[in-house]
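Chemist: Everything in the sequence shown is counted per numbering that gives the first Met the number 0, starting at 0 for the first residue and increasing by one.
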Amino acid sequence: MRENIINFCSQYQYPQEAKEELLSVYDAVSDTAAVKEIFSQARQEYEHDLQLDYPALLARLKNACSQERIPWETASLLFFICLTPQLFRHYEQSGLPAEICRASLEDLKWKLMECRQVYGVWGTFVSDWFPGFFRLTRFTLGRLQFELIPFPDNYIRAGREKPKGLNQAINIHIPSSGPLLHRDCLRSYELAMEFFRPAFPDGTYAFFCLSWLLFPDHRRFLPANSRILEFMADFDIYDAYQDPAGEDLWRIFGKPDCSDTAGLPENTSLQTAYKNWLMTGNKPGIGLGMILKGA
0 MRENIINFCS
10 QYQYPQEAKE
20 ELLSVYDAVS
30 DTAAVKEIFS
40 QARQEYEHDL
50 QLDYPALLAR
60 LKNACSQERI
70 PWETASLLFF
80 ICLTPQLFRH
90 YEQSGLPAEI
100 CRASLEDLKW
110 KLMECRQVYG
120 VWGTFVSDWF
130 PGFFRLTRFT
140 LGRLQFELIP
150 FPDNYIRAGR
160 EKPKGLNQAI
170 NIHIPSSGPL
180 LHRDCLRSYE
190 LAMEFFRPAF
200 PDGTYAFFCL
210 SWLLFPDHRR
220 FLPANSRILE
230 FMADFDIYDA
240 YQDPAGEDLW
250 RIFGKPDCSD
260 TAGLPENTSL
270 QTAYKNWLMT
280 GNKPGIGLGM
290 ILKGA
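1) Do you know how far the Cα of K254 is from the Cα of V117?
2) Determine the direct distance from the alpha carbon of G122 to that of E19, and round the result to whole angstroms.
3) Taking buried to mean at least 16 other C-beta atoms within 10 Å of its own C-beta, is T267 buried or exposed?
4) Could you tell me whether the Cβ atoms of L57 and V34 are closer together than 9 angstroms?
5) Give the single residue among L190, S176 and Q270 whose Cα lies nearest to the Cα of K292.
6) Please classify N3: is it buried, with 16 or more other beta-carbons within 10 angstroms of its beta-carbon, or exposed?
7) So, at 7 angstroms on beta carbons, what are the nonlocal neighbours of G164 in its own chain, with the 5 sequence-adjacent residues on each side left out?
8) Look up Y240 in the DSSP assignment and say whether it is helix, strand or coil.
9) Which same chain residues end up closer than 7 angstroms to F38 when comparing Cβ atoms and leaving out the 5 residues on each side of it in sequence?
10) Taking the continuous beta strand (DSSP E) assigned at H172, which residues delimit it?
11) Give a yes or no on whether the C-beta atoms belonging to Y154 and Y240 are separated by under 9 angstroms.
12) Report the start-end ranges of each alpha helix (DSSP H) in the stretch 98-171 that is 4 residues or longer and not cut off at the edges.
13) If you draw a straight line from the C-alpha of E67 to the C-alpha of A32, how long is it?
14) Buried or exposed for I148, going by 16 or more other Cβ atoms inside 10 Å?
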């Protein structure tokens with residue numbers, strides 16, 4: 000498995016420092032019976048069953064890491080890296096393209112880099128996010144990530160009319176993998192419609208997104224050429240709410256605590272625009288949007 004970790008880090012171009020830390024923690028895991036047993040159990044069970052009890056396994060792992068003083072953030076990322084050989088086999092058995100598996104696994108790197116930026120640690124602070132990829136319910140298709148969900152009831156409650164017979168929607172996630180170019184998003188929507196075609200037999204597709212990127216007030220303070228505004232323009236943003244706690248501000252400022260508004264960085268135009276917005280007493284927020292495509 001150690002060689003697999005080395006190859007995985009090389010394939011996805013992990014920083015050398017990150018690779019060394021992951022290997023160091025893996026060695027600690029291998030020398031600690033309680034933690035090693037959790038890794039081994041997960042690999043054995045995942046060989047035959049996609050539906051692992053991830054919450055229970057991760058809770059056990061976190062407790063064991065705490066007792067053995069093994070860095071939890073690093074160990075939890077390693078936990079999923081160690082499942083990747085089995086994941087490729089599940090893709091093959093399901094008749095799914097290996098390139099989609101490889102693209103989906105890039106998300107582990109994006110979360111690694113976020114953890115390093117926000118907390119200064121090589122690992123992840125969102126280990127509960129990964130099971131969707133390993134259960135084969137969430138997929139990276141081009142720039143964006145997608146999964147099927149029930150059609151949101153709040154769309155109807157907001158006064159919109161749901162197309163007849165449309166009971167599912169394609170949920171959109173936006174990884175921190177680089178610039179959010181509109182042409183890349185449009186291509187991703189096309190790939191998602193092809194991938195999920197069996198779920199929408201009449202050719203009408205619904206894309207749903209709940210994100211800070213869809214906060215309607217962006218139109219009040221972001222520049223007209225903002226890529227975020229271009230992304231927003233594709234959506235019918237049918238609902239929104241403020242987020243007084245600023246739970247998503249770390250995505251913008253790269254800090255776990257953004258409560259000191261005056262001390263927030265201004266290293267990008269987005270950071271500057273957001274800081275100015277917050278300094279005048281405004282709050283961040285979340286938007287809910289829908290795109291309907293097809294017949």
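Glycine residues also receive a C-beta, built at the ideal position from the N, C-alpha and C atoms.
Modeler: In this structure, then:
1) 5 angstroms
2) 12 angstroms
3) exposed
4) no
5) L190
6) exposed
7) D201
8) strand
9) V28, F78 and C81
10) Q167 to H172
11) no
12) 130-133 and 152-156
13) 10 angstroms
14) exposed
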